[in-house]
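Read top to bottom, the protein sequences are chains A and B. According to my numbering, the residues represented by the first sequence are 1 to 245, in order. According to my numbering, the residues represented by the second sequence are 246 to 538, in order. One structure is given below, encoded as structure tokens.
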Amino acid sequence: MPNRSSLDQELASLRGLIADMANRVDEQFANAMNALLQGDVDLAEEVVAGDDAVDALELRIDEQCERILALHSPVAVDLRMLIMAVKINTDFERIGDHCRNLSRNARYLVDAPGLLADTRLPKMADMSRTMLREAEMAFLENDRLKARKVIARDLQVNRLHEETFATLVEMCEDGHEQSEVIAHLLTVSKALERISDHAKNIAQSIVFMVEGQDLRHRGLKDDPDAPDLPPLDESAAGESFGEEV
Amino acid sequence: MPTDESTDDAPTSPVSADAPTPNGRPDAPEPQGEAAAPEADAPSVRPKLRIEDLHFWYGENHALQGISMDVQPNRVTALIGPSGCGKSTLLRCLNRMNELIQGTTLEGTILADGQDIYADDTDPVMVRRRIGMVFQKPNPFPKSIYKNVAWGAEINGYTGDLDALVERSLRQAALWDEVKDQLHSSALDLSGGQQQRLCIARTLAVQPDVVLMDEPASALDPIATSKIEETITELKKDYTIVIVTHNMQQASRISDETAFLYMGRLIEMSPTDQLFTRPEKDRTEAYVTGRFG
Numbered sequence: 001m002p003n004r005s006s007l008d009q010e011l012a013s014l015r016g017l018i019a020d021m022a023n024r025v026d027e028q029f030a031n032a033m034n035a036l037l038q039g040d041v042d043l044a045e046e047v048v049a050g051d052d053a054v055d056a057l058e059l060r061i062d063e064q065c066e067r068i069l070a071l072h073s074p075v076a077v078d079l080r081m082l083i084m085a086v087k088i089n090t091d092f093e094r095i096g097d098h099c100r101n102l103s104r105n106a107r108y109l110v111d112a113p114g115l116l117a118d119t120r121l122p123k124m125a126d127m128s129r130t131m132l133r134e135a136e137m138a139f140l141e142n143d144r145l146k147a148r149k150v151i152a153r154d155l156q157v158n159r160l161h162e163e164t165f166a167t168l169v170e171m172c173e174d175g176h177e178q179s180e181v182i183a184h185l186l187t188v189s190k191a192l193e194r195i196s197d198h199a200k201n202i203a204q205s206i207v208f209m210v211e212g213q214d215l216r217h218r219g220l221k222d223d224p225d226a227p228d229l230p231p232l233d234e235s236a237a238g239e240s241f242g243e244e245v
Numbered sequence: 246m247p248t249d250e251s252t253d254d255a256p257t258s259p260v261s262a263d264a265p266t267p268n269g270r271p272d273a274p275e276p277q278g279e280a281a282a283p284e285a286d287a288p289s290v291r292p293k294l295r296i297e298d299l300h301f302w303y304g305e306n307h308a309l310q311g312i313s314m315d316v317q318p319n320r321v322t323a324l325i326g327p328s329g330c331g332k333s334t335l336l337r338c339l340n341r342m343n344e345l346i347q348g349t350t351l352e353g354t355i356l357a358d359g360q361d362i363y364a365d366d367t368d369p370v371m372v373r374r375r376i377g378m379v380f381q382k383p384n385p386f387p388k389s390i391y392k393n394v395a396w397g398a399e400i401n402g403y404t405g406d407l408d409a410l411v412e413r414s415l416r417q418a419a420l421w422d423e424v425k426d427q428l429h430s431s432a433l434d435l436s437g438g439q440q441q442r443l444c445i446a447r448t449l450a451v452q453p454d455v456v457l458m459d460e461p462a463s464a465l466d467p468i469a470t471s472k473i474e475e476t477i478t479e480l481k482k483d484y485t486i487v488i489v490t491h492n493m494q495q496a497s498r499i500s501d502e503t504a505f506l507y508m509g510r511l512i513e514m515s516p517t518d519q520l521f522t523r524p525e526k527d528r529t530e531a532y533v534t535g536r537f538g
């Protein structure tokens, strides 16, 4: 029989560390996109340097998970919490890596300030960040329905990525003079698409923790609780950046 | 297309997406407490033991209240639950041990290989021979190791090779290598763990189909407990085992199916991995995570 109060303390500490990780990664994401949108190379370098702190936090969370598993042998919802923690820890760290990679593109985009804004990339960035923030809220509130909303949104980001990819390829084919910048925009698009994939993974892990149900590798049609999403808002883009984080 | 829908670093889960089938009884009567609803694809193997709407009273105390469950052959089935939930009572019903207690009443049916073990024409001694029992505390007779094992067979008129039977039983109980050179020494000189394995060997010597174990390792140290658990895992190749344990880690380590009882009712019976990762009932989850009990 587990020592409930001791286990509860350890789990609360773990949840606190994961919340820190989520905040830190969200801040990295905001800074990375601001660096790209504003051509701010100094801010981009801050993001690259800040990835070490994300990596260090990943190790701390893993150690805490290992400690709880070794000392408490959790079962049922406690075990699912640990499994979720190990997995979303990796997802957050990978998002941190993508933020670093996004920032490394900043210096190449300085010479073409309008090109990025002309694509769907700001919209993609908005949606990816919304997913990340909703995933964080779903984790903090153990909210399985909010998590499902994140999962559904991933399809919208994928669609934007496909559109962006096609647009950029077309620009290259048309002999656009800034083909190197376009190549960097392609990597930005891919990084944003991967960030949304990781946010979706985080949301799936949260559903697993709350319900014990594994939604991976299943279409939304197979999940009776999947939400109906409104059509993609085609208007504002990039509005979630440039704010205080 | 650049979209990477099946993520290259998609997480892997140690838990399968396919929920195992609960071992609920397909035709269980209604009074099942909160027990899991049976599913259509329940195991098709004929159960070794079938318990149907079992009620049991100690005087006025209604200790078991409508238990229905199947025990599958060559599997380890664990009974867990807080003290007083009825798990030991249920175990003792399975080989008519409870009827030795005055003032008790039993209703319902228990079938062993399809035969009603409480039928008027069923000999309780034969039932206990087919369904043996190992108790919480090792209780060897104050005789030699050899006599402890051979005794049951001898009084049952065994006509085969007694030496071979003793060796086979001790080997099955994983004790042979430790005692083969001292078979005629007193069983009381053995350690607690060895005495418990001797009791298992004694039970096996009368060649039962089912072995019931009532907290067989609760009085033993971790190494002796580990030996008993290894023995149980080996024994299920040849026997059906039902074990009562307070140690949930032990239940999760050695059993294939786990039944959770609470206040005389079967709350949930599931494959053990499911019960300890994704229990269906809130009360089961609260118990296995230590939130009550």
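Glycine included, C-beta positions come from ideal geometry on N, C-alpha and C. On a predicted model such as this, the values are computed, not experimentally measured, just so you know.
Is it right to say residue i is buried, meaning 16 or more other beta carbons lie within 10 angstroms of its own, or is it exposed?
i      : result
A317/A : In the structure as shown, chain A starts at 1 and stops at 245, and residue 317/A therefore has no counterpart that could be examined.
A166/A : exposed
N23/A  : exposed
D422/B : exposed
N201/A : buried
I400/B : exposed
K332/B : buried
T322/B : buried
G175/A : exposed
K146/A : buried
R194/A : buried
Taking DSSP as the reference, what is the three-state secondary structure of residue i?
i      : result
A364/B : coil
E297/B : strand
N306/B : strand
D154/A : helix
P516/B : strand
P276/B : Its pLDDT being 42, under 50, P276/B is placed unreliably in this model, and the value from its coordinates should be taken loosely. Correct three-state label for P276/B: coil.
T349/B : strand
E177/A : coil
M508/B : coil
V456/B : strand
F29/A  : helix
T522/B : helix
M342/B : coil
V75/A  : coil
V290/B : coil
D97/A  : helix
G311/B : strand
L415/B : helix
S463/B : coil
T119/A : coil
A166/A : helix
T404/B : coil
With which residues is residue i paired in a DSSP beta bridge?
i      : result
E10/A  : The partner list for E10/A (beta bridge, DSSP) is empty, contrary to what the question assumes.
F537/B : Answer is none; F537/B lacks a bridge partner.
I325/B : F505/B
G377/B : V456/B
A44/A  : DSSP, once it has assigned bridges, lists no residue as partnering A44/A.
T529/B : In DSSP, T529/B forms no bridge with anything.
S389/B : S431/B
Taking just the CA atoms, how far does residue j sit from residue i?
i      : j      : result
H161/A : D118/A : 14 angstroms
T534/B : A203/A : 24 angstroms
D78/A  : Q452/B : 42 angstroms
A191/A : E180/A : 17 angstroms
H307/B : L229/A : 54 angstroms
A19/A  : V456/B : 50 angstroms
E136/A : N319/B : 47 angstroms
Y303/B : T349/B : 5 angstroms
T529/B : I68/A  : 21 angstroms
A398/B : A450/B : 6 angstroms
L506/B : D406/B : 43 angstroms
L345/B : P369/B : 10 angstroms
I445/B : K382/B : 12 angstroms
G353/B : I296/B : 8 angstroms
R60/A  : S500/B : 35 angstroms
A106/A : P224/A : 42 angstroms
Looking at the C-beta of residue i, does it have a partner C-beta in chain E at a distance below 8 angstroms?
i      : result
R153/A : Note that chain E does not occur in the displayed structure, where the protein chains are A and B.
ask   = the region 67 to 93 of chain A: which residues have C-beta closer than 8 angstroms to a C-beta of chain B, in chain order?
value = S73, P74, V75, A76, V77, D78, L79, R80, I83, K87, T90, D91
inquiry  = Along the region 205 to 220 of chain A, where does the CB come closer than 9 angstroms to a CB of chain B? Name the residues.
reply    = S205, F208, E211, G212, Q213, D214, L215, R216, H217, R218
key: Against chain A: residues of the region 453 to 486 of chain B by CB proximity under 8 angstroms   = none
request  = For the region 506 to 534 of chain B, enumerate the residues whose C-beta is nearer than 7 angstroms to any C-beta of chain A, in chain order.
outcome  = F521, T522, R523, P524, E530, V533, T534
ask   = Just by C-beta distance, which residues in the region 357 to 376 of chain B are closer than 7 angstroms to chain A?
value = none
Contact list for the region 485 to 503 of chain B against chain A, Cβ threshold 9 angstroms = H491, N492, M493, Q494, S497
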